[in-house]
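Enquirer: Got a structure here, written out as structure tokens. Questions coming.
There are 2 protein chains.
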Amino acid sequence: MKLITVGSVAFDAIETPFGKTNKIVGGAGTFISLASSFYVKQQGIVSVVGDDFPSETIDLMNSRGIDTKGLQIKVGEKSFFWSGKYHNDMNSRDTLVTELNVLEHFDPIVPDSYQGCEYLMLGNLSPQVQRTVIERLNIRPKLIAMDTMNFWMDIALDELKKTIALVDVLIINDEEARQLSGVYSLVKAAKIIRNMGPKYLIIKKGEHGALLFHHEEIFFAPALPLEEVFDPTGAGDTFAGGFMGYLAASNDSSFENMKRAIIAGSALASFCVEKFGTQKLTEISSESLNNRISEFEKLTSFQTK
Amino acid sequence: MKLITVGSVAFDAIETPFGKTNKIVGGAGTFISLASSFYVKQQGIVSVVGDDFPSETIDLMNSRGIDTKGLQIKVGEKSFFWSGKYHNDMNSRDTLVTELNVLEHFDPIVPDSYQGCEYLMLGNLSPQVQRTVIERLNIRPKLIAMDTMNFWMDIALDELKKTIALVDVLIINDEEARQLSGVYSLVKAAKIIRNMGPKYLIIKKGEHGALLFHHEEIFFAPALPLEEVFDPTGAGDTFAGGFMGYLAASNDSSFENMKRAIIAGSALASFCVEKFGTQKLTEISSESLNNRISEFEKLTSFQTK
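For the protein sequence lines, the chains are H and D, in the order given. At position 134 of the first sequence the residue is numbered 135 (the working numbering), and the sequence of numbers has no breaks. At position 262 of the second sequence the residue is numbered 263 (the working numbering), and the sequence of numbers has no breaks.
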């Protein structure tokens, strides 16, 4: 198996200045695996849902080459649920409801058929659960990437640092990088965080793009300037999924290939925000994805004289 | 004459988390003309100072090919003075003192030898003064660029719009673009602002780079990720000066050349913030400028497969 994703498969209810949804399908694991499926044709997911989760979504995942043997379905229990409301600038949001439900005692099971996977993407989850998955793999994957958030820095920093020490690529946003490092300058923060273990650090800056740090090298990927961001939910997960999917499919984790992978992730994220939840991700053709990637190339390229 | 810059030549007193200055030389016109002098070897400045202004600075300008016949020296009057204090994140600042002094009744004089200039850079000043300079040129320059700020949007919006309608390139920051257009999305804001007259709009986003809009095309220039921003004063003016200096020296105002000009401006701005005031601008060699420009190229370039 090329790639395993660990992350929540869940329900979201979202309110933005443009509208409001009831419970719709969301979760880091869902966005990541759907995004990576544009590149990786065979992958697995490790997660848990309740028996309230729609079988149609599981069928959709399967149809896109996402093996769901690692997706536990807990009978008589409810799926993780998050509800949030975005402010007018779409850059900040309030959490209205968080119901952990099946995630509260999530014990990640790695099916035998997932053993030997080459790429592992740890979506945002408790750092202890993320580490358990690493421990349950018989052979260390070629590349482990990890997403996390300030919540875990607030309540489980020591646990978080133990897991960060085990991964190759850490993917966090600018505020999280500042909190984790304790410094404001992202260049300084990157040095401090790479000393915690990860050889690569990706700092997501939302509408301002993303930075990839490795040794003394920095790559900057812009975000596509958009007329409208309809719903930012899942954009970061989609970015991570596109990134890991691209790396796994090309089986090349060089710095040069990581640049291309970041552009692929950025392109998918720019689609994700156009509609509520995962909807847009199910509608993109490979042609429109490639066109979007060309737009990214054009955006920053200039001819030196 | 290739280029004329209009803008304040003045004193600043600056406080940052790294230190504090007494009165040092500053002003939009100073930063712009020093920055453009890296490219344009013959240019003029239109401005006004009091007799308190150091002749050493005027000598320095002259030695860099900046003709100061348009710089009026008002005997018995004092130069414009601004004092400000930056917050810890260096992205926001408080104005402590503004003494207009000679700027209060500034009547811009365009010397005869400046007539026929091809490029005109209007640094941030009252929109009425900016317009007066355009009116006092016998022949309209090939390209007019203009900087302004929210202050003029607050107190003289109609005047400002009259001047904006006359220029080719407007250079403002993201907040100002939002205020001027009344919309949040920068892509939408750019359409609205370009409908006010300018064929080109540059939106500066500080540490997040800059966007150039023209018809349906967008170019994005990153800012160089820096370990430390020592003093951001004048960075925007330096950017504008590098941009216009590059355009004027290459005598090519195509969209493709504007991209290179923005990178030149960004590179000079990345130097400017390394020391207080204009100091760093007087220390850069052309070799280190070219090396910095190469860093910008490397930062966003990636090979497509």
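Where is the CB? At the ideal position from N, CA and C, for every residue including glycine.
Rounded to the nearest angstrom, what separates ASP13(D) and PHE107(H) at their Cα positions?
Expert: 59 Å
Enquirer: Throw me the rounded Cβ distance for the PRO112(D) and GLY71(D) pair, which I believe falls under 8 Å.
Expert: 5 Å
Enquirer: Taking the alpha carbon of ASN89(H) as the point to measure from, which residue in GLN131(H), GLU16(H), PHE221(H) and VAL103(H) has its own alpha carbon closest?
Expert: GLU16(H)
Enquirer: Measuring alpha carbon to alpha carbon, tell me which of MET259(D), GLY124(D) and LEU212(D) ends up nearest TRP153(D).
Expert: Here the closest residue by C-alpha is GLY124(D).
Enquirer: Output yes if chain H places a C-beta closer than 7 Å to the C-beta of ILE25(D); else output no.
Expert: Interface annotation, ILE25(D): not in contact with chain H, CB-CB separation never under 7 Å.
Enquirer: Return yes when the C-beta of LEU227(D) is under 6 Å from any heavy atom of the ligand FMN, and no when it is not.
Expert: As for the ligand FMN, it is missing from this structure, which has no ligand bound.
Enquirer: Is THR31(H) buried or exposed, if buried means 16 or more other CB atoms sit within 10 Å of its CB?
Expert: buried
Enquirer: Judging by CA-CA distance, which residue of HIS216(D), VAL230(D), HIS209(D) and PRO233(D) is the nearest neighbour of PRO223(D)?
Expert: HIS209(D)
Enquirer: Find the residues of chain D that neighbour VAL188(H), judging by a C-beta separation of less than 9 Å, and give them in chain order.
Expert: PRO226, LEU227, GLU228 and GLU229
Enquirer: Using a 10 Å radius around the Cβ and a threshold of 16 neighbouring Cβ atoms, would you call ASP58(D) buried or exposed?
Expert: Per the sequence presented here, residue 58(D) reads as Thr, with Asp not at that position. Buried, by the Cβ-count rule.
Enquirer: So, under 8 Å CB-CB, PRO199(D) and LEU171(D) are touching, yes? Tell me the CB distance rounded to an integer number of Å.
Expert: Sure, about 4 Å apart at Cβ, within 8 Å.
Enquirer: Hey, how far is the Cα of ILE5(D) from the Cα of LYS306(H)?
Expert: 25 Å
Enquirer: Whole beta strand (DSSP E) runs in the region 175–234 of chain D with 3 or more residues, listed along the chain?
Expert: As far as the region 175–234 of chain D is concerned, its whole beta strand (DSSP E) runs of at least 3 residues are 201–205, 211–215 and 218–222.
Enquirer: What does LEU212(D) touch in chain H if you count any residue whose Cβ is under 7 Å from its own?
Expert: Residues of chain H with a Cβ closer than 7 Å to the Cβ of LEU212(D) are, in chain order, PRO226.
Enquirer: Distance check for LEU35(D) and THR239(H), CA to CA, integer angstroms please.
Expert: The C-alpha of LEU35(D) is placed about 45 Å away from the C-alpha of THR239(H).
Enquirer: Start and end of the beta strand (DSSP E) containing GLU16(D)?
Expert: 11–17
Enquirer: Which runs of the beta strand (DSSP E) spanning at least 3 residues fall entirely within the region 85–127 of chain D, listed in chain order?
Expert: 94–100 and 120–123
Enquirer: Between PHE303(H) and chain D, is any beta-carbon pair separated by less than 7 Å?
Expert: yes
Enquirer: Looking at C-alpha atoms only, which residue of LYS21(H), GLU229(H) and CYS118(H) is the closest neighbour of ASN92(H)?
Expert: GLU229(H)
Enquirer: Pull out every residue of the region 255–276 of chain D whose Cβ sits closer than 8 Å to any Cβ of chain H, in chain order.
Expert: GLU257, LYS260, ARG261 and ILE264
Enquirer: Quick check on HIS216(D) - is its C-beta less than 7 Å from some C-beta in chain H?
Expert: Interface flag for HIS216(D) against chain H is unset, since no Cβ pair is found closer than 7 Å.
Enquirer: Using 10 angstroms around the beta-carbon of PRO55(D), count the other beta-carbons present and answer buried if the total reaches 16, otherwise exposed.
Expert: Residue burial annotation: PRO55(D) is exposed, with fewer than 16 other C-beta atoms found within 10 angstroms of its C-beta.
Enquirer: Quick check: the Cα distance between GLY1(H) and LEU225(H), rounded to an integer number of angstroms?
Expert: Because residue 1(H) is not part of the residues shown, which for chain H are 2 to 306, the question remains open.
Enquirer: Beta-carbon within less than 7 Å of ASN139(D)'s beta-carbon, same chain only, minus the 5 sequence neighbours each way: which residues are those?
Expert: Once the five neighbours on either side are set aside, the close Cβ partners of ASN139(D) are GLN116.
Enquirer: At the level of alpha carbons, what is the spacing between THR133(D) and SER186(H)?
Expert: Answer to the nearest angstrom: the Cα atoms are 42 Å apart.
Enquirer: Grab me the residues of LEU126(H)'s own chain with a C-beta within less than 7 Å of its C-beta, minus the 5 sequence neighbours each way, in chain order.
Expert: VAL7, GLY8 and SER9
Enquirer: Give me the chain H residues within the contact set of PRO223(D), using Cβ-Cβ distance strictly less than 8 Å, ordered along the chain.
Expert: GLY210, PHE221, PRO223 and THR301
Enquirer: Of the choices GLU257(D), GLU217(D) and ALA11(D), whose alpha-carbon is the least far from that of THR99(D)?
Expert: ALA11(D)
Enquirer: Who are the near neighbours of ALA190(H) in its chain, counting only those whose CB is closer than 7 Å to its CB and skipping five residues on each side?
Expert: ALA178, ARG179, SER182 and VAL184
Enquirer: Which chain D residues are close to TYR120(H), counting only those with a beta carbon under 7 Å from its beta carbon?
Expert: Under the 7 Å cutoff, chain D gives no residues; its nearest Cβ is about 18 Å from TYR120(H).
Enquirer: Below 9 Å on C-beta distance, what does TYR185(H) contact in chain D?
Expert: ASN89, ASP90 and MET91
Enquirer: For TYR120(H), which option in GLY243(H), VAL274(H), GLY278(H) and ILE264(H) has the closest C-alpha, if you only look at C-alpha atoms?
Expert: GLY243(H)
Enquirer: Report the three-state DSSP secondary structure of GLY242(H) (helix, strand or coil).
Expert: helix
Enquirer: My parser needs the alpha helix (DSSP H) runs of 4 or more residues fully inside the region 128–159 of chain D; what are they?
Expert: If we require 4 residues or more, the alpha helix (DSSP H) runs fully inside the region 128–159 of chain D come out as 128–136 and 151–156.
Enquirer: Using three-state DSSP, classify LYS75(D) as helix, strand or coil.
Expert: strand
Enquirer: Is the Cβ-Cβ distance between ASP95(H) and VAL76(H) less than 7 Å?
Expert: no
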